[in-house]
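One line per chain: the protein sequences are A and B, in this order. Quick note: the first sequence uses the working numbering, first residue 1, plus one each step. Quick note: the second sequence uses the working numbering, first residue 1001, plus one each step. Every residue, glycine too, gets a C-beta built ideally from N, C-alpha and C. Here's the structure, in structure tokens; my notes come after.
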Amino acid sequence: MSAPISHPAQDLAASRAHVPHTSMLLRMLVRAAVLRRGRAASALFAMVVAAAVATAMLNLYVDVQAKLRREFRNYGANVILVGRDGASLPADALAHVDSVLAGHGIAAPFALLVARASDGQPIVVAGVDFERVRQLDRWWSVSAWPSEVPTLRQAQGKLARAENAREMGHPGLIGVRAMAVVAPKNQAMKDQSFDLSFQGSTLHVEPAGTVQTGAAEDSRIYISLVDFVAWSGVQPSTIEVAANGDPEEVAAIMNQLAQAVPAAEVRPVRQIVEGEARVLGKTRATLLAAAALIILTSALCVLSTLMGWVFDRRRDFAIMKALGASGRLLNGFFAAEAAALGATGALIGFLIGIGIAAWIGRVNFHASVAPRFSVLPVVLAGSMVVTLLSAILPISLLRRVQPAVILRGE
Amino acid sequence: MFVRLVYESFRRQKRRKVLAGAAITLGVTVATAMIAVATDIGDKINRELRTIGANLVVTPQEDSLDVEIGGVNLKPPSDGAFLNEADLPKIKDIFWRNNITGFAPMLPVPVAMERDGKRQDATLVGTYFAKRISLGNEDFTTGVRSTHTWWKVSGAWPDDNSRDVLVGERLAARLGEKAGDQLVLAGRALRVSGILSTGGAEDDQVVAPLALAQEILGRPGAVRRVYVSALTKPEDAFGRRNPKSMSGAIYERWYCTPYPQAIALQLGEAIPHSHAEQIRQVAQNEGAVLTRIEGLIFLITLAALFASALAVSAAMATAIFERRAEVGLLKALGAGKLAVAAVFFAEALLLALFGGLIGFGAGALLAHQIGQSIFNSQISIQPVLLPVILAIAVIVTFAGSAAAIRRAVGMDPVFALRGEL
């Protein structure tokens, strides 16, 4: 009943005389899809949804690790370089570290010493590169970064650098607890400048802002590394490094750092590294469980829809068999149909799935989830297996039944 | 007649009903498990994040500045203020006491060590390892073993009531100490029970029970600071507001939300002459990571719900499509559209309720399994969710069947009976 009857029989015979045998199969496939548009479309729809969901889940599963690692880099350094036995690091250490990192992380040098405030109280002063610290230690709650202050001043044209640079003082970032000790409370921030002395040399610091972290930083005074070295002659003894990548990549970076700066001891910040590994591991496991459940559900959905579709066409099957089609041809026909459906559904679903993954990446991580084309063969193979299975199962049931029984509608 | 139709349909078409019911059960199982995981994941990840360390610190209010570089404390030992050890159990007495997963007091003491006649200065830190604290009718065990989980000891952890100490690995390498050796420290011979490795300043220090550190310092009951590990809610715009500027009701709401600041405020109130603050490196980033993971699992739960709704719809549509002949017969015998639809909807309702119930149980079991295997802890499902899940199951089943039922009802009985559709 699905055979085309619009052509006169002679034309038909003539047109088919030179056509290879396979075109009948092709015609059957196309007609089967066109004549039962509704059912074919719903089967394809189920396939597309399943493939899309599977693609999105696999894509996320592969990518989410990298995304979460980026979040964990906000915890700051995961590797730390310290001069052996408290010695300073060589002057070119930071350049070596930067060349090893090559964009895969941030490094910030720290130089520390104990100076005395004007009332003789000891206080820890640190020399840092403010721009680097700002990128590395994002949890610092800073009222105003010193690096912004000079540019502001220059813009206002107030600066007469040559005349009274000394008087003007060096911009510093003051820990909230240190602030109470070094600066008188009743004055505005810009008037709260104070002196620090270290081994006889004095430094005039002008607070640019305060820093609050809840940790040791609150008791310290931060000035720029250039001012620090010029004042005290002390070189940085620590470089904190936030290295990107999975544990193997970080271990490789640590190895390279140890070779590049032999004078330093390279240590992982275990607290951060272990916490990160645990949380990532658990998240990934949860995601895997969820992905398995979702993919299983949608595969079963495809299976039931497709089996219904094939079962529904037992009359087509019976007619073909009654007309003399061999078992192999019938198997081939339904298998080819299933494979075509699976491939089409998988391709469309893959594109939609990539879209879903990208959308989740944008909404949740504010970053794009890169399409992983390595997922495509997996999705394609999975779709084929599911569709073939859902075609073969009903066919193997129908094969045992006489065509006459089916055609009589029993 | 109506009841008999539905009853006979279930009795005679067991295979089809089982298939459709299985689809609904599976869909509800996945939905229930994912909802359970999604509602609990925040708490679970929050606990995992506690392995990064304490997120709050309590210090004396009138403390002098810390003078500390690389773990070496340069502040005179008697300088500054102390907290009283006797006040510490009050930490587990605040409003959010159940959110406090642990705390560890710290008391650094500079000491002189002698080894083979050589003198060396080092810092000894007194703390709790796994101290039992009794709080009225229940006991609570806390200390660095629960708050500082990244600390590794080769050898044995000292007992909190003993006079054993841990030696940091770098210090031990310099001194040539091994676990089980004797260490002469501040004129006392102490046993080294293990070598401590932390990757931080403690690698150059000696860690001892708090009572021993107090004895060496000569100040019984003194504590320099307390690290507190608490489950907190990620800070939002409301959490960042200054509590001092809030009016009564709003302040109440802020106070009763486990923001890091709110818990810090309560800690400061509970311990006399103290000041509690969030450790921003831990507290701030925790919120960011937690929000991301919760958001991800939420979106995936939506996907799971969608997939299971689709599976249920597909199964129902197929089941109804297969019964065209039956519809034809009913209509030929004079049943109206409404009557036919009612039979199908009644069957769908029964299937949904039955499948929903089994699915809910299976989903709770699945969620429990996921919780056990991934987080080693319980993911329990609220019984309140049962009616919600059942309602969703019924709605999805009805929605999935509606299109198929409409088509089945609209058929001409003649074609349906001849099987030509």
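(message) Between the alpha carbons of Thr1257 (chain B) and Ser1229 (chain B), how many angstroms are there, rounded?
(response) For the purposes of this step, residue 1257 (chain B) is taken as the residue at position 257 of the second sequence. For the purposes of this step, residue 1229 (chain B) is taken as the residue at position 229 of the second sequence. Using only the alpha carbons, I get a separation of about 16 Å.
(request) Would you list, in sequence order, the uninterrupted beta strand (DSSP E) runs of no fewer than 3 residues that lie entirely inside the stretch 1313-1343 of chain B? (result) Within the stretch 1313-1343 of chain B, no complete beta strand (DSSP E) run reaches 3 residues.
(message) So, for Ala242 (chain A): in the same chain, excluding its five sequence neighbours on each side, which residues have a beta-carbon less than 7 Å away from its beta-carbon?
(response) Working through the first sequence from its first residue, we reach residue 242 (chain A) at position 242. Short of 7 Å from the beta carbon of Ala242 (chain A), and not among the five residues preceding or following it, lie these beta carbons of its own chain, in chain order: Arg73, Gly76, Ala77, Asn78, Gly105, Ile106 and Leu136.
(request) Would you list, in chain order, the members of the stretch 1276-1292 of chain B that have their beta-carbon closer than 7 Å to a beta-carbon of chain A? (result) Here the close residues are Glu1277, Gln1278, Ile1279, Arg1280, Gln1281, Gln1284, Asn1285, Ala1288, Val1289 and Arg1292.
(message) For the stretch 249-256 of chain A against the stretch 1332-1342 of chain B, do three or more pairs of beta-carbon atoms, one drawn from each stretch, fall closer than 8 Å, so that the two count as touching?
(response) With a cut-off of 8 Å on Cβ pairs, the stretch 249-256 of chain A is not in contact with the stretch 1332-1342 of chain B, counting fewer than three such pairs.
(request) Express the C-alpha separation of Ala1038 (chain B) and Val34 (chain A) in angstroms, rounding to a whole number. (result) Along the first sequence, one-based indexing puts residue 34 (chain A) at 34. Along the second sequence, one-based indexing puts residue 1038 (chain B) at 38. Answer to the nearest angstrom: the Cα atoms are 43 Å apart.
(message) Can you look up Val205 (chain A) in the DSSP assignment and give me helix, strand or coil?
(response) Here residue 205 (chain A) refers to the residue found at position 205 when the first sequence is read from its first residue. Three-state result, Val205 (chain A): strand.
(message) When you compare the CB of Val114 (chain A) with every CB in chain B, is at least one pair closer than 8 Å?
(response) Taking the first residue of the first sequence as 1, we reach residue 114 (chain A) at position 114. Between Val114 (chain A) and chain B, the shortest Cβ-Cβ separation is below 8 Å.
(message) Less than 8 Å between CB atoms is the rule here; does Glu240 (chain A) satisfy it with respect to chain B?
(response) Here residue 240 (chain A) is taken as the residue at index 240 of the first sequence, counted from 1. Contact of Glu240 (chain A) with chain B is not assigned, every C-beta pair being separated by 8 Å or more.
(message) Using C-beta distances below 8 Å, list every residue in its chain close to Pro122 (chain A), excluding the 5 sequence neighbours before and after it, in chain order.
(response) To locate residue 122 (chain A), count along the first sequence from 1; it is residue 122. Here the set comprises Val114, Ala115 and Arg116.
(request) Flag Arg278 (chain A) as yes if its beta-carbon sits less than 8 Å from any beta-carbon of chain E, otherwise no. (result) Judged by its chain identifiers, the structure shown contains no chain E, and its protein chains are A and B.
(request) Please list the segments of the beta strand (DSSP E) lying wholly inside the stretch 1194-1226 of chain B, counting only runs of 3 or more residues, in order along the chain. (result) DSSP runs (the beta strand (DSSP E)) wholly in the stretch 1194-1226 of chain B: 1206-1209.
(message) Here's the rule I'm using: 16 or more other beta-carbon atoms within 10 Å means buried, otherwise exposed. How should Asn364 (chain A) be labelled?
(response) As a working mapping, residue 364 (chain A) is identified with position 364 in the first sequence. Under the 10 Å beta carbon count, Asn364 (chain A) is surrounded by 16 or more other beta carbons and is classified as buried.
(request) Decide if the stretch 1261-1280 of chain B is in contact with the stretch 1044-1063 of chain B; the criterion is three or more beta carbon pairs, one per stretch, under 8 Å apart. (result) The stretch 1261-1280 of chain B makes contact with the stretch 1044-1063 of chain B, as at least three CB pairs between them are under 8 Å.
(message) From the DSSP secondary-structure annotation, give me the bridge partner or partners of Thr1123 (chain B).
(response) On the second sequence, position 123 is the one that residue 1123 (chain B) refers to. Within the DSSP secondary-structure output, Thr1123 (chain B) pairs in a beta bridge with B:Pro1110.
(request) With a floor of 3 residues, list each beta strand (DSSP E) that falls wholly inside the stretch 330-406 of chain A, ordered by position along the chain. (result) Within the stretch 330-406 of chain A, no beta strand (DSSP E) run of at least 3 residues lies entirely inside it.
(request) Could you spell out the range, first to last residue, of the beta strand (DSSP E) harbouring His170 (chain A)? (result) Start at 1 with the first residue of the first sequence, and residue 170 (chain A) comes out as number 170. Unbroken beta strand (DSSP E) run through His170 (chain A): His170 to Gly175.
(message) Within 8 Å of any Cβ in chain A, is that where the Cβ of Trp1254 (chain B) sits?
(response) Taking the first residue of the second sequence as position 1, residue 1254 (chain B) is located at position 254. The beta-carbon of Trp1254 (chain B) is placed no less than 8 Å from the nearest beta-carbon of chain A.
(message) What does DSSP give as the partner residue(s) for Asn1376 (chain B) in the beta ladder?
(response) Here residue 1376 (chain B) refers to the residue found at position 376 of the second sequence. Answer by DSSP bridge pairing: none, since Asn1376 (chain B) is not bridged.
(request) Return the chain-ordered ranges of every beta strand (DSSP E) run that is complete within the stretch 214-239 of chain A and spans a minimum of 3 residues. (result) Listed in chain order, the complete beta strand (DSSP E) runs (minimum 3 residues) inside the stretch 214-239 of chain A are 220-224.
(request) Give the interface partners of Lys282 (chain A) over in chain B, defined as CB-CB distance under 8 Å, in chain order. (result) Mapped onto the first sequence, residue 282 (chain A) falls at position 282. For the C-beta of Lys282 (chain A), the chain B residues within less than 8 Å are, from N- to C-terminus, Lys1044, Ile1045, Glu1048, Ile1374 and Phe1375.
(request) Would you check if the distance between the CB atom of Leu44 (chain A) and the CB atom of Gly345 (chain A) is smaller than 8 Å? (result) Position 44 of the first sequence, counting from 1, holds the residue named residue 44 (chain A). Position 345 of the first sequence, counting from 1, holds the residue named residue 345 (chain A). For Leu44 (chain A) and Gly345 (chain A), yes; Cβs fall inside 8 Å.
(request) For my contact list, Ala1404 (chain B) and Thr297 (chain A) are in at a C-beta cut-off of 8 Å; report their separation, rounded to the angstrom. (result) Along the second sequence, read from residue 1 onward, the residue named residue 1404 (chain B) stands at position 404. Along the first sequence, read from residue 1 onward, the residue named residue 297 (chain A) stands at position 297. Approximately 20 Å separates the beta-carbon atoms of Ala1404 (chain B) and Thr297 (chain A); this is outside 8 Å, ruling out the contact.
(message) Under 8 Å, Cβ to Cβ, is there at least one residue of chain B near Val385 (chain A)?
(response) Walking along the first sequence from the start, residue 385 (chain A) turns up at place 385. So, not an interface residue.
(message) Quick check: what's the CA-CA separation for Pro84 (chain A) versus Asn1285 (chain B)?
(response) Your numbering for residue 84 (chain A) matches position 84 in the first sequence. Your numbering for residue 1285 (chain B) matches position 285 in the second sequence. According to the sequence as given, residue 84 (chain A) is Arg; it is not Pro. Roughly 31 Å separates the two Cα atoms.
(request) Output, in chain order, the set of chain B residues within a Cβ distance shorter than 9 Å of Thr210 (chain A). (result) Residue numbering aside, residue 210 (chain A) sits at position 210 when the first sequence is read from its first letter. Simply none; closest approach about 13 Å.
(message) I need the straight-line Cα distance from Leu398 (chain A) to Ala358 (chain A), nearest angstrom please.
(response) Taking the first sequence and counting its residues from 1, one reaches residue 398 (chain A) at position 398. Taking the first sequence and counting its residues from 1, one reaches residue 358 (chain A) at position 358. Spanning the alpha carbons of Leu398 (chain A) and Ala358 (chain A) requires a straight line of approximately 44 Å.
(message) If you measure between the beta carbons of Pro403 (chain A) and Ala322 (chain A), is that distance less than 8 Å?
(response) Along the first sequence, read from residue 1 onward, the residue named residue 403 (chain A) stands at position 403. Along the first sequence, read from residue 1 onward, the residue named residue 322 (chain A) stands at position 322. Against a cut-off of 8 Å, the Cβ pair of Ala322 (chain A) and Pro403 (chain A) comes out as a contact.
(message) Quick check: what's the CA-CA separation for Ala340 (chain A) versus Gln271 (chain A)?
(response) In the first sequence, the residue the question calls residue 340 (chain A) occupies position 340. In the first sequence, the residue the question calls residue 271 (chain A) occupies position 271. Using only the alpha carbons, I get a separation of about 53 Å.
(message) Tell me the residue span of the alpha helix (DSSP H) that contains Gly1268 (chain B).
(response) Stepping through the second sequence from its first residue, residue 1268 (chain B) is reached at position 268. Here the alpha helix (DSSP H) through Gly1268 (chain B) covers Pro1260 to Ala1270.
(request) Would you verify that the beta carbon of Asn244 (chain A) is, or is not, closer than 8 Å to some beta carbon of chain B? (result) In the first sequence, the residue the question calls residue 244 (chain A) occupies position 244. No, Asn244 (chain A) does not count as interfacial toward chain B.
(message) With H, G and I counted as helix, E and B as strand and the rest as coil, what does DSSP make of Glu1277 (chain B)?
(response) The residue you call residue 1277 (chain B) lines up with position 277 of the second sequence. Residue state, collapsed to three classes: strand.
(request) Can you give me the start and stop residues for the beta strand (DSSP E) that Glu1085 (chain B) sits inside? (result) Translated into positions along the second sequence, residue 1085 (chain B) becomes position 85. Where Glu1085 (chain B) is concerned, there is no enclosing beta strand (DSSP E), given that its DSSP letter is neither H nor E.
(request) Leaving aside the five residues before and after Thr1142 (chain B) along the sequence, list all residues of the same chain whose C-beta is less than 8 Å from its C-beta, in chain order. (result) The residue labelled residue 1142 (chain B) in the question sits at position 142 within the second sequence. For Thr1142 (chain B), the CB contacts under 8 Å within the same chain, skipping 5 residues up- and downstream, are Gly1102, Phe1103, Ala1104, Tyr1128, Ala1130, Lys1131 and Ile1133 in chain order.
(message) Assuming Ala367 (chain A) and Ala1304 (chain B) are in contact, meaning their beta carbons sit under 8 Å apart, how far apart are those beta carbons, in whole angstroms?
(response) What you label residue 367 (chain A) is simply residue 367 of the first sequence in a count that begins at 1. What you label residue 1304 (chain B) is simply residue 304 of the second sequence in a count that begins at 1. About 23 Å separates the two Cβ atoms, so there is no contact after all.
(request) Could you tell me how far apart the beta carbons of Val1167 (chain B) and Ile1195 (chain B) are, in whole angstroms, since I believe they sit closer than 8 Å? (result) Within the second sequence, residue 1167 (chain B) is the residue found at index 167, counting from 1. Within the second sequence, residue 1195 (chain B) is the residue found at index 195, counting from 1. About 6 Å separates the beta carbon of Val1167 (chain B) from that of Ile1195 (chain B), a gap short enough to meet the 8 Å contact definition.
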